[in-house]
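Undergrad:
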Amino acid sequence: MDILISARHLTKIYGEGPTKTVAVNNLNLQIKKGEFVAIIGPSGSGKSTLMHILGCLDKPTSGTYFFENKNVSKMSDSQLAQTRNKKIGFVFQFFNLLARTSAIKNVELPLIYSKVDKNQRVKKATTLLKNIDLGDKLASTPSQLSGGQQQKVAIARALVNDPKIIFADEPTGNLDTKSSEEIMKIFKKLNKENRTVVMITHERHIAKNASRIISIRDGRIISDKSGKSIKLAKT
Ligand SMILES: Nc1ncnc2c1ncn2[C@@H]1O[C@H](COP(=O)(O)OP(=O)(O)O)[C@@H](O)[C@H]1O
Ligand SMILES: [Mg+2]
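The numbering used here puts the first residue of the sequence shown at -14, with every later residue one more than the last.
1) Hey, which unbroken runs of the alpha helix (DSSP H) at 4 residues or more fall wholly within the segment 121 to 189?
2) State yes or no: is the C-beta of serine 200 nearer than 8 Å to some heavy atom of ligand 2?
3) Any contact between the segment 106 to 123 and the segment 48 to 55? By contact I mean 3 or more CB pairs, one from each, below 8 Å.
4) What number of angstroms, rounded off, separates the C-alpha of tyrosine 98 from the C-alpha of leucine 83?
5) Rounded to whole angstroms, what is the Cα-Cα separation between lysine 115 and isoleucine 24?
6) Who sits around ligand 1, taking every residue whose Cβ is closer than 5 Å to one of its heavy atoms?
7) Can you give, in chain order, each stretch of the beta strand (DSSP E) that sits fully within the segment 41 to 101 and has at least 3 residues?
8) Would you grab the beta carbon distance between glycine 40 and isoleucine 73 for me? Rounded to a whole angstrom, and I think it's under 8 Å.
9) Check whether the segment 20 to 38 touches the segment 176 to 190, counting contact only when three or more Cβ pairs, one atom from each stretch, lie closer than 8 Å.
10) Could you check which residue in Asp43, Val76 and Phe80 has the C-alpha nearest to that of serine 63?
Here it is, written out as structure tokens:
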């Protein structure tokens, strides 16, 4: 069995005393390579906090987290940064693109951090943008693109280092229905190509695009189900 993510008794507590918040509460979770998982729950249920831990952006207060069989709690900050840059792609609700920077440069950015040379960067970023029908928007800045197009650029950026897993936090939260559907098509295609996708949403119809739906409330998993009509990932 190819386990990519394995969390045991994961707990994240913010603050102390009267302001103490248990955002993730003794949560156990395993995700296999090739799964398309949706994490669904109301606002404040701990979805983003969980994603930050699973995406190696933050460490839990207690519990253990293994990414690719490596104990993340024991990684140094530079090992964490390297894991994030090389193995994980992030997609956010508000796209998080550099504002006055062209689509192609935005996509190239993670490759600049990985010290890939200019020719290769341009080639890779161009291919990724062409693959999602943005071949004619390479030079456009975010303000010249629609929300859906900006999110596509963000997805291309997330893919540029060929990550093992994509984490998306409310990727359609700021998009109209048609753009949301296009983004879901892209995630499904990526998953078909054997990429692991973990998508956070509070919308059930968006979650239904996944092959597994995990519901969380108050930092705990309250249900964990395979979605209908979608094939289960092979392991
Ligand atoms: N940096 C933080 N400091 C203090 N409390 C936080 C912080 N981030 C999140 N929280 C709290 O943790 C809980 C879970 O938040 P979050 O993970 O953002 O939930 P969701 O993404 O499901 O809306 C909420 O009660 C929120 O107010
Ligand atoms: Mg959130």
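From the three backbone atoms N, C-alpha and C, an ideal C-beta is built for every residue, glycine too.
TA: A quick look at the data gives this:
1) 132 to 144 and 162 to 177
2) no
3) no
4) 15 Å
5) 30 Å
6) Tyr(-1), Thr6, Ala8, Ser28, Gly29, Ser30, Gly31, Lys32, Ser33 and Thr34
7) 47 to 52 and 73 to 77
8) 6 Å
9) yes
10) Asp43
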